[in-house]
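Heads up: the structure comes next, in structure tokens.
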Amino acid sequence: MSENAGTRFAQSVLGIDTNARYAHQPESLEQRARAVLGSTEVYAEDEPTVAEWLRELIPTKTGATNYLRSLFPSLFWIQRYNARWLLGDVVAGITIGLVVVPQAMAYAVLAGLTPAYGLYTSFTGAILYWVFGTSKDIVIGTTAVGSLLVGQVVGRVRANNESGATSQEVAHTLSLLCGAVLLFFGLFRLGWIIEFIPYIPISAFVTAASITIMSTQIPTALGITGIDNHAPPYRVLIDTIKALPKIQLDAAIGLSSIVLLFAIREFCSHMESRQPAHKRAWTFASSLRLTFTMLLFTLISFLVHGRGETIVPKFRIVGPIERGFQEIGVPRPNMALVQQILPELPAVAIILVIEHIAIAKAMGRLYNYTINPSQEIVALGGANLLSPFVGGYVCTGSFGASAVLSKAGVRTPLAGVFSAMMLVLALYALTGVFYYIPKAALSGLIIHAVCNLITPPKNLYKYWQLSPLELLIWVACVALAIFQSLDYSIYLGVGLSLALLLVRVARANGGFVGVARARRVPMEDDDDDDTASKFARDLITAKDVFIPFNRQDSSNPAILLETPYPGVFVYRLHDSYNYINQALHVDILRSHLMDNTKRTSDEEYERESDRPWNDAGPRDKLLSQHLPYLHALVLDFSAVNNIDITSIQGLIDLRNLLDRYASPGTVEWHFANVQNRWTRKALATAGFGYPTSQNPEALSKWKPIYSIAPVSDGPGPRQNGHHRRPFACGSDEESRACPSFSRSTTTLEISTENATISAVDRPFFHLDLHDAVDAAVCDARHKDRSGST
Numbered sequence: 160m161s162e163n164a165g166t167r168f169a170q171s172v173l174g175i176d177t178n179a180r181y182a183h184q185p186e187s188l189e190q191r192a193r194a195v196l197g198s199t200e201v202y203a204e205d206e207p208t209v210a211e212w213l214r215e216l217i218p219t220k221t222g223a224t225n226y227l228r229s230l231f232p233s234l235f236w237i238q239r240y241n242a243r244w245l246l247g248d249v250v251a252g253i254t255i256g257l258v259v260v261p262q263a264m265a266y267a268v269l270a271g272l273t274p275a276y277g278l279y280t281s282f283t284g285a286i287l288y289w290v291f292g293t294s295k296d297i298v299i300g301t302t303a304v305g306s307l308l309v310g311q312v313v314g315r316v317r318a319n320n321e322s323g324a325t326s327q328e329v330a331h332t333l334s335l336l337c338g339a340v341l342l343f344f345g346l347f348r349l350g351w352i353i354e355f356i357p358y359i360p361i362s363a364f365v366t367a368a369s370i371t372i373m374s375t376q377i378p379t380a381l382g383i384t385g386i387d388n389h390a391p392p393y394r395v396l397i398d399t400i401k402a403l404p405k406i407q408l409d410a411a412i413g414l415s416s417i418v419l420l421f422a423i424r425e426f427c428s429h430m431e432s433r434q435p436a437h438k439r440a441w442t443f444a445s446s447l448r449l450t451f452t453m454l455l456f457t458l459i460s461f462l463v464h465g466r467g468e469t470i471v472p473k474f475r476i477v478g479p480i481e482r483g484f485q486e487i488g489v490p491r492p493n494m495a496l497v498q499q500i501l502p503e504l505p506a507v508a509i510i511l512v513i514e515h516i517a518i519a520k521a522m523g524r525l526y527n528y529t530i531n532p533s534q535e536i537v538a539l540g541g542a543n544l545l546s547p548f549v550g551g552y553v554c555t556g557s558f559g560a561s562a563v564l565s566k567a568g569v570r571t572p573l574a575g576v577f578s579a580m581m582l583v584l585a586l587y588a589l590t591g592v593f594y595y596i597p598k599a600a601l602s603g604l605i606i607h608a609v610c611n612l613i614t615p616p617k618n619l620y621k622y623w624q625l626s627p628l629e630l631l632i633w634v635a636c637v638a639l640a641i642f643q644s645l646d647y648s649i650y651l652g653v654g655l656s657l658a659l660l661l662v663r664v665a666r667a668n669g670g671f672v673g674v675a676r677a678r679r680v681p682m683e684d685d686d687d688d689d690t691a692s693k694f695a696r697d698l699i700t701a702k703d704v705f706i707p708f709n710r711q712d713s714s715n716p717a718i719l720l721e722t723p724y725p726g727v728f729v730y731r732l733h734d735s736y737n738y739i740n741q742a743l744h745v746d747i748l749r750s751h752l753m754d755n756t757k758r759t760s761d762e763e764y765e766r767e768s769d770r771p772w773n774d775a776g777p778r779d780k781l782l783s784q785h786l787p788y789l790h791a792l793v794l795d796f797s798a799v800n801n802i803d804i805t806s807i808q809g810l811i812d813l814r815n816l817l818d819r820y821a822s823p824g825t826v827e828w829h830f831a832n833v834q835n836r837w838t839r840k841a842l843a844t845a846g847f848g849y850p851t852s853q854n855p856e857a858l859s860k861w862k863p864i865y866s867i868a869p870v871s872d873g874p875g876p877r878q879n880g881h882h883r884r885p886f887a888c889g890s891d892e893e894s895r896a897c898p899s900f901s902r903s904t905t906t907l908e909i910s911t912e913n914a915t916i917s918a919v920d921r922p923f924f925h926l927d928l929h930d931a932v933d934a935a936v937c938d939a940r941h942k943d944r945s946g947s948t
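At position 723 of the sequence shown (counting the first as 1) the number is 882 in this note's numbering, and the numbers step up by one without a gap.
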């Protein structure tokens with residue numbers, strides 16, 4: 160290792176020996192490899208450095224350019240925009256505009272605001288998403304869940320009344336803060352954080368939110384006043400039942416609107432199955448049921464009340480709505496209001512992102528394209544940041560509206576611009592019509608919309624089949640939302656899911672595996688004499704497969720398993736190896752290895768009283784005499800990526816214990832499938848990956864095995880279809896002594912065009928489990944033949 164200024168400083172000033180990690184690594188590893196391989200090129204591992212890691216964090220010019228281009232996905236498709244796309248987007252945009260207008264007005268009432276605020280909000284998402292979004296089927300606007308959260312935040316903040324803010328100011332400030340937070344996460348490409356929130360809390364939250372929404376709208380649909388809609392759902396339902404004698408004429412409108420909406424949906428669905436040729440037309444008709452119902456009951460309201468300067472409403476109606484964007488302006492939140500909203504911000508932001516990303520991914524899977532979660536968060540953050548400037552509140556992707564848009568034949572995200580035009584038309588030309596909309600009809604529309612979001616029983620049964628514990632988490636979340644609040648529900652769901660994950664990681668033990676001698680037997684066809692069939696018949700060959708001894712897998716329990724070789728053990732980690740579960744793995748390894756082997760030499764205690772209190776002493780010699788000596792341990796790290804200091808220390812402690820157990824010999828540690836360079840460096844720093852120089856006799860009798868392959872610029876191997884024996888042991892006699900793990904491959908010629916695949920200075924890090932077991936068994940057999948332990 161070359162010395163530089165930093166190395167000299169560390170050694171002379173800090174007292175750090177940078178070469179200490181190489182103290183027990185033999186210097187002859189490369190020379191021995193050259194002696195075995197002759198003219199074959201040998202490869203020594205180039206370990207990663209901290210400086211290399213830091214350089215990877217520095218953005219390059221190309222990376223910065225790609226990042227800036229990725230912020231505007233519209234630049235990639237807008238240049239290819241054509242008339243056919245335009246026609247599809249215009250039709251889809253107008254269709255979704257007709258759906259969004261009544262929906263947005265209804266959801267604004269749910270948020271505790273006037274219906275116009277729903278139109279302001281939906282306009283923001285429609286006009287902005289096409290610039291930043293990566294999905295053609297998403298509609299950003301008001302949603303039932305988002306509006307409910309806004310209504311709850313508005314209610315709690317107004318109840319405290321510390322800032323004296325109006326409902327509109329609270330909603331605008333909440334949207335502004337959510338937009339800023341989401342834009343930060345999106346610009347820094349932190350969309351992967353959303354993967355920390357599993358599906359079950361999301362499903363439970365959506366169901367709980369639907370139940371909460373329906374409970375708040377039932378009193379309005381029945382015309383009952385004086386119900387505290389901000390109370391827990393169970394309390395609202397109880398109070399509503401007690402107040403049933405007070406129902407008004409509104410109940411006729413509310414209940415009939417719900418019945419009509421469900422009847423239209425079921426009729427259109429029935430006609431879709433009866434007339435498949437006209438399925439798209441019936442789907443389009445079903446999507447307009449909200450608009451039709453709202454127009455119908457608005458007309459009824461107009462006919463009942465008539466026109467005039469003073470109207471005495473016979474049931475509650477929306478009332479006057481100002482024309483145009485009356486709330487446009489720069490929001491000016493005060494610090495007292497911000498401090499009140501901050502505790503509410505995490506739950507709202509999480510739900511907005513979850514709802515939007517879930518819809519975007521579902522649409523991408525349905526129509527065969529991929530969305531960029533981080534870029535979707537940028538679009539969502541931008542829409543929420545802009546929304547209060549035009550008078551809106553928080554917005555996110557809408558389940559129902561997105562489904563309608565996708566079925567309406569949308570071609571590009573530009574369809575949102577045309578739906579925004581419909582919203583502008585509604586605000587400037589239809590405000591007089593909005594005056595007569597019955598509030599009970601809006602509540603009926605909301606109840607109908609959220610009924611589809613409740614998780615059906617068949618899905619709950621599926622959860623029970625997949626993971627019973629997660630179903631219990633689902634039930635706990637829904638129950639907490641019904642009896643307490645939605646905020647606590649999402650926190651409980653995420654917390655319990657993370658706790659379950661930690662328990663599974665902590666108790667994800669591994670298992671010792673054995674070898675089953677298997678044969679591949681392809682189906683023969685006498686009538687098929689093509690080259691492929693002949694090649695398949697030639698491949699009827701024996702191979703070795705590794706199956707857990709405990710048989711807790713899907714393999715046939717009747718299959719005979721053998722140990723690779725007496726004293727050689729293979730341990731497969733089923734999950735990650737980290738500080739949470741290292742104690743469990745170490746305990747399993749220690750107890751199994753000592754229970755199935757015997758000491759290499761007698762203990763050195765002169766008297767029994769010298770034995771430590773926690774040492775039970777050796778087992779009966781008659782019982783242990785048939786057991787083998789411990790030669791090697793093979794660890795399959797195919798499920799392990801990163802490794803930490805605690806887990807490394809656990810391996811070191813176990814190695815020291817086993818070395819004392821096998822003294823004067825040493826136990827070889829072989830690792831298979833260690834892919835991560837930092838994990839390999841950590842293991843090598845701890846003294847793993849190579850034979851130690853502390854036992855020169857064992858080192859001199861060690862027989863390495865190397866795997867070689869043609870280099871990239873050399874001629875390829877000849878395809879002669881022969882089976883090769885493992886690269887092993889040097890002489891023919893010793894090769895025959897090694898286990899036969901036959902695998903079908905091509906024959907490689909050892910020449911100057913070949914090179915070692917793995918690093919010769921890390922001979923105990925192997926390409927796969929077969930190579931690791933080959934090496935461990937071959938060396939153990941050689942030691943037994945030579946009488947060395």
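Note that the Cβ used here is the ideal one computed from N, Cα and C, for glycine as well.
Given the structure is predicted, the values throughout are model-derived calculations rather than measurements.
- It is roughly 6 Å from the alpha-carbon of LEU341 to the alpha-carbon of ILE536.
- Per DSSP, the unbroken alpha helix (DSSP H) holding PHE364 starts and ends at 358-381.
- Shortest Cα-Cα distance from LYS473 to any of GLY382, LYS520, LEU454 and PRO547 involves GLY382.
- Under the Cβ criterion (8 Å, minimum of three pairs), the segment 823-835 does not count as touching the segment 187-194.
- Annotation: LEU308 to SER334 spans about 12 Å, alpha carbon to alpha carbon.
- Per the coordinates, the alpha-carbon of LEU928 lies some 34 Å from the alpha-carbon of ILE352.
- Looking at the DSSP output, GLY673 shares a beta bridge with ILE706.
- If you compare the alpha carbons of SER866, LYS862 and LYS520 with that of ARG944, the shortest gap goes to LYS862.
- Here the C-alpha atom of ILE361 lies approximately 10 Å from the C-alpha atom of ALA367.
- Listed in chain order, the non-local C-beta contacts of LEU926 below 7 Å within the same chain comprise SER866, ILE916 and SER917, local neighbours out to five positions each way being set aside.
- CA-to-CA, the gap between LYS401 and ALA410 works out to about 16 Å.
- Only exposed fits MET494, as fewer than 16 other CB atoms lie within 10 angstroms of its CB.
- Under the three-state reduction of DSSP, LYS757 is assigned to strand.
- With respect to the 8 Å criterion, LEU511 and GLY305 are classified as neighbours on the basis of their beta carbons.
- Leaving aside the five residues that flank THR838 on each side, the residues in its chain whose CB is nearer than 8 Å to its CB run, in chain order, PHE796, VAL799, ASN800, ASN801 and ILE802.
- The beta-carbon distance between ALA939 and TYR724, rounded to whole angstroms, is 5 Å. This is short enough to meet the 8 Å contact definition.
- Non-local beta-carbon contacts of ALA585 in its own chain, meaning distances under 7 Å to residues more than five positions away in sequence, involve VAL260 and LEU278 in chain order.
- Going by DSSP, GLU827 is part of the beta strand (DSSP E) stretching over 827-831.
- The shortest C-alpha to C-alpha distance from ILE632 to any of THR293, ALA658, VAL674 and SER460 is the one to ALA658.
- When secondary structure is reduced to three states using DSSP, ARG731 falls in the strand class.
- Beta bridge pairing from DSSP links HIS925 with ALA831.
- In this structure, the alpha-carbon of ILE500 lies about 17 Å from that of HIS389.
- Annotation: ILE406 is outside any alpha helix (DSSP H) and is labelled neither H nor E by DSSP.
- Under the DSSP assignment, THR254 falls in the alpha helix (DSSP H) whose first and last residues are 242-269.
- Burial is judged here by how many other beta carbons sit within 10 angstroms of a residue's own beta carbon; PRO850 has at least 16 and is buried.
- ASN319: not part of any beta strand (DSSP E); member of the alpha helix (DSSP H) spanning 303-319, first to last residue.
- Across the set TYR526, PHE291 and VAL662, the C-alpha of PHE291 shows the shortest separation from the C-alpha of TYR226.
- Beta-bridge analysis with DSSP links ALA275 to no other residue.
- The beta carbon of GLY284 sits closer than 6 Å to the beta carbons of ILE299, GLY300, ALA542 and CYS554 from its chain, once the five residues preceding and following it are set aside; these are given in chain order.
- Note that the C-beta distance between LEU794 and TYR730 is below 8 Å.
- Look at ARG678 here: in three-state DSSP terms it is strand.
- Counting along the chain, no alpha helix (DSSP H) covers ILE867; the unbroken beta strand (DSSP E) around it starts and ends at 867-869.
- Looking at the backbone, the Cα of GLY551 and that of PHE642 are separated by about 31 Å.
- From the listed residues SER768, ASN835 and VAL497, the smallest Cα separation to ALA339 is found for VAL497.
- Annotated three-state conformation of TYR788 is strand, per DSSP.
- Per DSSP, THR332 is one residue of the alpha helix (DSSP H) stretching across 326-346.
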